[in-house]
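Asks: Mind having a look at this structure? Questions to follow.
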Ligand code: MUC
Ligand code: MG
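Residue numbers (our numbering): 644 to 1028.
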């Protein structure tokens, strides 16, 4: 085996040993209630990882959750416990430039726990990038794009409020593609709500919807033509994650493209969806794919199967959003854009200089590592005690 992936000089390599890892739970209030089919939040909870090298550099990463262990099985409490007890000890003393090898060690220590692993891997990319003075995207093969169209999610459930919110985003040239969360109310009520929003924004915005697994196949079959009629351009995870065969049957008859979200965590999940031709698009997220390398593996399988790529989120702050942008930056195609509006739904971001949103795009930060620095004052204020 070569000495190190990047063949760092010996003195620098000694310095890049991982010396300390801390995991801090934070709860950051959101500007309004965010309502999904089966959960609703007024504060976002993350675990912020700080990984210190022997050379003094501190890399950061973020594990996002949504509604405790309700969006996926990981909660911030479990993430912190598993990092402290099982995962961090596997990395202490290891060289930070062996990121793939570190992934193997983490997989030996814990099954799944993908959000926790993703935060640790992000912090490794950040620390290594800072040490070498290069952005994380450069460590992954370099940049194909440095900005990505960015959606905003409408999720209060009240169409009047949602139209007002969309108008404000359009006027500020922040977002002109909106994802609407459905499934918390009856399909009939959702269709009426969507028709109202579509009529108000007609010709000025595109709409996609996310049912977060709320429907069964029969309801989906009934609603998909109505969604197409309303002008919805993409439908995300209409049926439960386990029902990939059902998603495939729907896709064969759907007049509107379908996106896989909760049914694709691992590369093997992606392969399963691809082999059944169950989706047109996949939503890519660090919390599902256990890090930037895993995200790119899932993207490669999707690409090989002709499945489109969409940059998903779990309402990350600029820490987690930046990590995603570095992974997205090198993908061949991001034709469906991304939804990293998280930094803007928080009352306050967790970094000194938030990510830049302009002209309906989010911009890749240009500094070394993840390109964002923690605001320690805010970290202290939002930390759970
Ligand atoms: C999801 O299922 O896509 C992402 C944006 C949002 O509003 O909810 C999340 C999770
Ligand atoms: Mg989703």
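Backbone N, C-alpha and C fix where the C-beta goes; we use that ideal spot for every residue, glycine too.
Round the Cβ separation of residue 717 and residue 758 to the nearest angstrom and send it over; I've been treating them as touching at under 8 Å.
Replies: Indexing the chain shown from 1 puts residue 717 at position 74. Indexing the chain shown from 1 puts residue 758 at position 115. Right, their Cβ atoms sit about 5 Å apart.
Asks: Any heavy atom of ligand 2 closer than 7 Å to the Cβ of residue 904?
Replies: Position 261 of the chain shown, counting from 1, holds the residue named residue 904. Yes, since a heavy atom of ligand 2 falls inside the 7 Å radius drawn around the Cβ of residue 904.
Asks: Suppose only complete runs of 3+ residues qualify. What are the beta strand (DSSP E) ranges in the region 912 to 970, listed by chain order?
Replies: List check, beta strand (DSSP E) in window: 924 to 927, 951 to 954.
Asks: Going by DSSP, which residues form a beta bridge with residue 689?
Replies: Residue numbering aside, residue 689 sits at position 46 when the chain shown is read from its first letter. Answer is 669, 707.
Asks: Please find out if some non-hydrogen atom of ligand 2 comes closer than 7 Å to the beta-carbon of residue 880.
Replies: Mapped onto the chain shown, residue 880 falls at position 237. It does: the Cβ of residue 880 is within 7 Å (strictly closer) of some heavy atom of ligand 2.
Asks: Quick check on DSSP: helix, strand or coil for residue 977?
Replies: Taking the first residue of the chain shown as position 1, residue 977 is located at position 334. The answer is coil: DSSP assigns residue 977 none of H, G, I, E or B.
Asks: Hey, could you find the ends of the beta strand (DSSP E) residue 861 is sitting in?
Replies: To locate residue 861, count along the chain shown from 1; it is residue 218. From DSSP, residue 861 is part of no beta strand (DSSP E) but of the alpha helix (DSSP H) over 860 to 873.
Asks: Taking the alpha-carbon positions, what's the residue 774 to residue 1015 distance?
Replies: Reading the chain shown from its first residue, position 131 is the one you call residue 774. Reading the chain shown from its first residue, position 372 is the one you call residue 1015. Their Cα atoms are separated by approximately 14 Å.
Asks: Should residue 1040 be labelled buried (16 or more other beta-carbon atoms within 10 Å of its own) or exposed?
Replies: Limits of the chain in this structure are 644 at one end and 1028 at the other, which puts residue 1040 out of reach.
Asks: Per DSSP, what kind of secondary structure is residue 887 in: helix, strand or coil?
Replies: As a position in the chain shown, residue 887 is number 244, starting the count at 1. Residue 887 falls in the helix class under three-state DSSP.
Asks: Please confirm whether any heavy atom of ligand 2 lies closer than 7 Å to the CB of residue 853.
Replies: Position 210 of the chain shown holds residue 853. Yes; taking the cut-off as 7 Å, the Cβ of residue 853 has a heavy atom of ligand 2 nearer than that.
Asks: Would you kindly work out how many angstroms separate the C-alpha atoms of residue 720 and residue 959, rounded to a whole number?
Replies: Along the chain shown, one-based indexing puts residue 720 at 77. Along the chain shown, one-based indexing puts residue 959 at 316. C-alpha separation (whole angstroms): 17 Å.
Asks: Going along the chain, which residues of its own chain have a beta-carbon closer than 7 Å to the beta-carbon of residue 986, five neighbours each way excluded?
Replies: Locating residue 986 in the chain shown gives position 343, where the first residue counts as 1. Answer for residue 986: 960, 961, 964, 992, 997, 998, listed in chain order.
Asks: Using the rule of at least 16 other Cβ atoms within 10 Å of the residue's Cβ for burial, across every protein chain shown, is residue 704 buried or exposed?
Replies: For the purposes of this step, residue 704 is taken as residue 61 along the chain shown, with counting starting at 1. Counting Cβ neighbours within 10 Å, residue 704 comes out buried, since at least 16 surround it.
Asks: Along the chain, where does the beta strand (DSSP E) that runs through residue 851 open and close?
Replies: By one-based count along the chain shown, residue 851 stands at place 208. 849 to 853 is the extent of the beta strand (DSSP E) around residue 851.
Asks: Looking at the secondary structure, which residues open and close the alpha helix (DSSP H) in which residue 768 lies?
Replies: Mapped onto the chain shown, residue 768 falls at position 125. Its alpha helix (DSSP H) spans residues 757 to 775.
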